[in-house]
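Comments concern the structure below.
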Amino acid sequence: MPQMSPAPWFMVLIASWAILLMILMKTIKHEPTNPPSATKNYTHPSAPWTWPW
Numbered sequence: 003m004p005q006m007s008p009a010p011w012f013m014v015l016i017a018s019w020a021i022l023l024m025i026l027m028k029t030i031k032h033e034p035t036n037p038p039s040a041t042k043n044y045t046h047p048s049a050p051w052t053w054p055w
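All residue numbers for the sequence shown refer to this note's numbering, where the first residue is 3 and numbers rise by one.
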C-alpha cells in the first residue's frame, strides 16, 4: 500500500511548496513599469440630481 510509505509523498509535498513559494516571491518582487502617480488625482464636479421624487 503506497499510503504506508510517507517518504515519496512527503518529498512531493515539500517540492511543490518550494516551487509555489519561489513563484510567489518572484511575483511579489515584480514592480510595474508605470507605477500610478498620486499627482493625477482629480475630482469630477458633482451636480445635484434634479429628479422629482
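By construction, the Cβ of each residue, glycine as well, lies at the ideal position given by its N, Cα and C atoms.
Remember, predicted model here, so these are calculated numbers, not experimental data.
Starting from residue i, follow the alpha helix (DSSP H) in both directions and report where the run begins and ends.
i            : result
threonine 52 : Premise fails: threonine 52 is in no alpha helix (DSSP H) and is neither H nor E.
threonine 29 : 8-31
Give every residue of the same chain whose Cβ lies closer than 6 Å to the Cβ of residue i, excluding the five residues on either side of it in the sequence, and list them in chain order.
i            : result
glutamate 33 : none
Note down, in chain order, each residue of its chain lying with its Cβ closer than 8 Å to the Cβ of residue i, except the 5 sequence neighbours on either side.
i          : result
proline 54 : none
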